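**Q**
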Amino acid sequence: MPEQRISSGDVDIFIDDAVKQQLRELRRQRLPNETGGVLLGYYDFNVKAVVIVMGLPAPPDSESHPDSFERGLSGLKEAVNEATARTAGMVGYIGEWHSHPPGHSALPSEHDLMQLIHLALGMADDGLPAIQLIVGEEDLRVLRLEAE
1 MPEQRISSGD VDIFIDDAVK QQLRELRRQR LPNETGGVLL GYYDFNVKAV
51 VIVMGLPAPP DSESHPDSFE RGLSGLKEAV NEATARTAGM VGYIGEWHSH
101 PPGHSALPSE HDLMQLIHLA LGMADDGLPA IQLIVGEEDL RVLRLEAE
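Take the sequence shown: its position 100, counted from the start at 1, is 100 in UniProt numbering, and no numbers get skipped.
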């Protein structure tokens, strides 16, 4: 499966085409509403890389509207723990993904950037960068932020 390499400062982020297709399909299923979920993947500090393995669908208690999305928590911890157990601890939570409504690109809004800052502050406790992925009408954008 072809994968895309996205350079983000001194870190490369990898995502393969199957993951991008999965996220586009999750977006399509929820239109005209926005949707989202958590990103699963892993960090390879030896080569300064982050690998996005998959995006989980929105938990059932999420709030999904045409102009907003708030991810719920129902079943989320169990789903992440299951992925971690299946991969012998290699794959885990690396960030968040969400979609934008019909006709909109993956360009982050001011609200998206504030969420990324909040996420980065939380991930900093573990010394990890935050990853945010946005799925737009025609494009997909991956953002990385590391709080110091």
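Positions of the beta carbon are idealized from the N, C-alpha and C atoms, including for glycine. Because the structure is a prediction, the values reported are computed rather than measured.
Which of the three DSSP states, helix, strand or coil, is assigned to Met80?
**A** Taking the sequence shown and counting its residues from 1, one reaches residue 80 at position 80. The question names Met, yet the displayed sequence has Val at residue 80. Looking at Val80 - three-state DSSP - the assignment turns out to be helix.
**Q** Does Asn33 pass the burial test, meaning 16 or more other C-beta atoms within 10 Å, or should it be called exposed?
**A** Counting from one through the sequence shown, the residue named residue 33 turns up at place 33. The residue in question, Asn33, is buried, as its Cβ has 16 or more Cβ neighbours within 10 Å.
**Q** Give me the DSSP bridge partner(s) of Phe14.
**A** Stepping through the sequence shown from its first residue, residue 14 is reached at position 14. Arg5 and Val51, per the DSSP bridge assignment.
**Q** Helix, strand or coil for Gly72 per DSSP?
**A** In the sequence shown, the residue the question calls residue 72 occupies position 72. Correct three-state label for Gly72: coil.
**Q** What number of angstroms, rounded off, separates the C-alpha of Met21 from the C-alpha of Gly36?
**A** Here residue 21 is taken as the residue at index 21 of the sequence shown, counted from 1. Here residue 36 is taken as the residue at index 36 of the sequence shown, counted from 1. The sequence given here has Gln at residue 21, not Met. Taking the straight line from one Cα to the other gives about 14 Å.
**Q** Following the continuous beta strand (DSSP E) through Asp44, name the residue where it begins and the one where it ends.
**A** Position 44 of the sequence shown, counted from the start, is the residue given in the question as residue 44. Unbroken beta strand (DSSP E) run through Asp44: Gly36 to Asp44.
**Q** Would Arg144 and Ile13 qualify as a contact pair, given that the criterion is a beta-carbon distance under 9 Å?
**A** On the sequence shown, residue 144 is found 144 positions in, with the first residue counted as 1. On the sequence shown, residue 13 is found 13 positions in, with the first residue counted as 1. Cβ atoms of Arg144 and Ile13: closer than 9 Å.
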